[in-house]
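Visitor: So the protein lines, in turn, are chains X and P.
So for the first sequence, full-length UniProt numbering puts the first residue at 1; every next one is plus one.
So for the second sequence, full-length UniProt numbering puts the first residue at 1; every next one is plus one.
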Amino acid sequence: MSGHLATRLVALAVIGTALYFFPLVRLVPLGGSNPAQAEGYDAAVAATAFWTDRLGAAIAGADDAALVATAMADDPAEAGERFGIRKGVGKGFDLFIQGRGKVVDKTTAGVLLRLTPAGVVLLRTGPVFGSTIRDAVGAGAEPRPPTSRDGNDLANEINRLAEERAVVLLVDAQVGETLRFAGCAKVSSPARWRGPLELSPVLVEVP
Amino acid sequence: MSTRPLAWPHGVPALLLGLFAAFSAGCNQEDSADASTAKKPSDGKGRVAVVVSTLNNPWFVVLAETAKARAEELGHEAVIFDSQNDPAMEASHFDNLLAAGYDAVLLNATDADGSVAAVRKAKERGVPVFCIDREINADDAAVAQILSDNYAGCVELGQYFVETVGEEGKYVELLGLSGDNNTGNRSDGFHNVVDRFPGLEMVAQQTANFDRSKALEVTESILQSNPDIDAIFCGNDAMAMGAFQAVNTAGLADQIKVFGFDGAADVIDSIRAGKIVATAMQFPKTMARQAAEFADEWIKGRRDFVQKTPVAVELVTRDNIEDYAAYGSKE
């Protein structure tokens, strides 16, 4: 009897020790540090580096605004095939365009530009949301953020820079003035798209 | 959590592993995996395992069954393994399917970090893993990851939230599983927009684990102390249905706007009926088919895959509800 008891006690001790080191249930607190965000990655630094070192070259390679605006007005789906920047699977696409245009109107939504020789775009003056700029200008391509949530942070930082360094300049735009600009647009559904192209600007200059 | 160096008492690891394997082998496989019947795909036909986080949610049933059906259409044998949202059960499924000689795994992971080890084990055995819908936090383990663009989808949903609720009001957020990146990405996208409006006050943020019953319970509790809220943002449609049930029972359906994410059948019906305001349509069939096709291509010799393939998410409201059916668009 005492032998059985000793065996059971030893077995319980062994199982207890095993469970102490390898618990069957692990409680993970919500909030605090996020394991899905890699240590050592700084989205603000990455965004600033892109803006300083690579945005200029990216703008130089952006599509001509008048060409794209005209193509979108004619056939959004076809324009998407020619100029759309696509990532993964979906019917939508992003656009990254640059050009010059004359300010023809200012509304609560933004500054309306008439392009030469044709086409109209709206440079949005409100807050910049989402990942359209990040994806359209290629800021997330190299170096690639380690995790998707790092990518979200990068998008936020790029948006912040766009607001601070481009959107804010639209406040002083005057009707009749000519602006040089570059910006990004998201077209979620070509079939439902209605103009004009609405751009989140990354460059605004009075030439 | 810290890790401690240790030495197992002699014989215990084998005993526990044996018990664990015996237990796991009996759990939730539609078909049993038998190593003796494993064959290599010399004819381009292989055995594909579909390991899904849970079958207790219709969205994941659609995901798993579509993946299985597409693999079978392509000439492969396919079996679904249900992990029941349990990383340990998922790991056990991997042990079994690797022992059984499966040629590819289509994985809907239970945990972004916790599932990495199983995927690495498969990689070491030369078995490719294609992640569907749920990201794992490693870029060098799975062959490819086909994932909804949750962040962009919730940015769009957040903009619609502000448009319909207004720039002032009180709201509640129900979060999904803490170990799933989709939970964070959806919340990030939503707050990317809503946090820019200081008049919108989040009075409670609680997890309901993507579960309808849990969301019902959590929402009932929240409503007792916050009956004056204007909206509830839910990280998936199952939670939206649970939240709406609580709101409706409290007689607050005309006051509180409920938003979901997924495009599940009951929420599509609820949007059409004017009960739930909006959801973001994921495309589980698209993701599942793509993963099965990648596995097919791997089995036939392709090796160059992009690590992450985002799949667009679309806002669904009463304005465009006729363009959509459950789990996808009508196009």
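Cβ atoms here follow ideal geometry from the backbone N, Cα and C, with glycine treated the same way.
Note that the structure is predicted; figures quoted are calculated from it, not measured.
Could you confirm whether any beta carbon from chain X is found closer than 8 angstroms to the beta carbon of THR249/P?
Guide: Start at 1 with the first residue of the second sequence, and residue 249/P comes out as number 249. So no, THR249/P is outside the interface.
Visitor: Taking the alpha-carbon positions, what's the GLY158/P to ILE232/P distance?
Guide: Counting from one through the second sequence, the residue named residue 158/P turns up at place 158. Counting from one through the second sequence, the residue named residue 232/P turns up at place 232. The straight-line gap from Cα to Cα measures roughly 12 angstroms.
Visitor: Once you ignore the five residues that flank VAL187/X on each side, which residues in its own chain have a CB closer than 6 angstroms to its CB?
Guide: Residue numbering aside, residue 187/X sits at position 187 when the first sequence is read from its first letter. Excluding sequence neighbours, VAL187/X sits near GLY92, PHE93 and TRP193.
Visitor: Can you list the residues of chain X that TYR324/P reaches, using a CB-CB cut of under 7 angstroms?
Guide: Taking the second sequence and counting its residues from 1, the one referred to as residue 324/P is at position 324. Going along chain X, no residue has its Cβ under 7 angstroms from TYR324/P, so there is no contact; the nearest lies around 12 angstroms.
Visitor: Write down every uninterrupted run of the beta strand (DSSP E) in the stretch 205-272 of chain P whose length is 3 residues or greater and which is fully enclosed by it, in chain order.
Guide: 231-234 and 257-259
Visitor: Determine the direct distance from the alpha carbon of LEU113/X to that of ALA66/X, and round the result to whole angstroms.
Guide: The sequence position of residue 66/X within the first sequence is 66, counting from 1. The sequence position of residue 113/X within the first sequence is 113, counting from 1. Roughly 11 angstroms between the two C-alpha positions.
Visitor: For ALA280/P, which residues does DSSP report across the bridge?
Guide: The residue labelled residue 280/P in the question sits at position 280 within the second sequence. BP columns for ALA280/P point to LEU315/P.
Visitor: In the DSSP assignment, what are the bridge partners of THR178/X?
Guide: Taking the first sequence and counting its residues from 1, the one referred to as residue 178/X is at position 178. LYS102/X, per the DSSP bridge assignment.
Visitor: What are the residues of the stretch 150-161 of chain P that lie near chain X, defined by any Cβ-Cβ distance shorter than 7 angstroms?
Guide: TYR151, ALA152, VAL155 and GLN159
Visitor: Buried or exposed: where does GLY44/P fall if 16 or more other Cβ atoms within 10 Å of its Cβ makes it buried?
Guide: Against the second sequence, residue 44/P aligns to sequence position 44. The residue is exposed, with fewer than 16 neighbouring Cβ atoms inside 10 Å.
Visitor: As an exercise, report each continuous alpha helix (DSSP H) stretch of at least 4 residues that is fully enclosed by the stretch 35-108 of chain P, in chain order.
Guide: Taking 4 residues as the minimum length, the alpha helix (DSSP H) runs contained wholly in the stretch 35-108 of chain P are 58-73 and 87-99, in order along the chain.
Visitor: Measure from the alpha carbon of MET72/X to the alpha carbon of each residue in VAL128/X, ILE97/X and LEU179/X, then state which is nearest.
Guide: Locating residue 72/X in the first sequence gives position 72, counting from the first residue. It is ILE97/X whose Cα lies nearest to the Cα of MET72/X.
Visitor: Can you check which of these residues, VAL128/X, VAL167/X, ASP105/X and ARG54/X, is closest to VAL120/X by C-alpha distance?
Guide: Here residue 120/X is taken as the residue at index 120 of the first sequence, counted from 1. Comparing Cα-Cα distances from VAL120/X to each of VAL128/X, VAL167/X, ASP105/X and ARG54/X, the minimum goes to ASP105/X.
Visitor: With DSSP run on the structure shown, which of helix, strand or coil describes ILE59/X?
Guide: The residue given as residue 59/X occupies position 59 in the first sequence. The answer is helix: DSSP assigns ILE59/X an H, G or I state.
Visitor: Under a Cβ-count criterion, where at least 16 other Cβ atoms within 10 Å of its own Cβ denotes burial, should PRO5/P be classed as buried or exposed?
Guide: Start at 1 with the first residue of the second sequence, and residue 5/P comes out as number 5. Low confidence applies here, because PRO5/P scores a pLDDT of 34, under 50, leaving its location unreliable and the question unanswered by this model.
Visitor: By the three-class DSSP mapping on this structure, what secondary structure does THR110/P have?
Guide: As a first step, residue 110/P must be located in the second sequence, where it is residue number 110. Three-state result, THR110/P: coil.
Visitor: State the Cα-Cα distance for the pair LEU27/X and ARG82/X, rounded to the nearest angstrom.
Guide: Here residue 27/X is taken as the residue at index 27 of the first sequence, counted from 1. Here residue 82/X is taken as the residue at index 82 of the first sequence, counted from 1. Residue confidence for LEU27/X is low, a pLDDT of 40 falling below 50, so the modelled location carries little weight; the figure read from the coordinates is stated next. Taking the straight line from one Cα to the other gives about 51 angstroms.
Visitor: Please state if the CB of ASN150/P and the CB of ALA112/P are separated by a distance shorter than 8 angstroms.
Guide: In the second sequence, the residue the question calls residue 112/P occupies position 112. In the second sequence, the residue the question calls residue 150/P occupies position 150. Against a cut-off of 8 angstroms, the Cβ pair of ASN150/P and ALA112/P comes out as no contact.
Visitor: Is PRO87/P buried or exposed, if buried means 16 or more other CB atoms sit within 10 Å of its CB?
Guide: Translated into the one-based positions of the second sequence, residue 87/P becomes position 87. With 16 or more Cβ atoms within 10 Å of its Cβ, PRO87/P is classed as buried.
Visitor: Could you check if ARG289/P is buried or exposed, using at least 16 other CB atoms within 10 Å of its CB as the buried criterion?
Guide: Numbered from its first residue, the second sequence carries residue 289/P at position 289. Answer is buried; the Cβ neighbour count reaches 16.
Visitor: Using a Cβ-Cβ distance cut-off of 8 angstroms, determine whether SER200/X contacts chain P.
Guide: By 1-based counting over the first sequence, the position of residue 200/X is 200. No, no contact with chain P.
Visitor: At least one CB of chain X closer than 8 angstroms to the CB of ASN192/P: is that the case?
Guide: Residue mapping note: residue 192/P aligns to position 192 of the second sequence, counting from 1. At least one chain X Cβ lies under 8 angstroms of ASN192/P.
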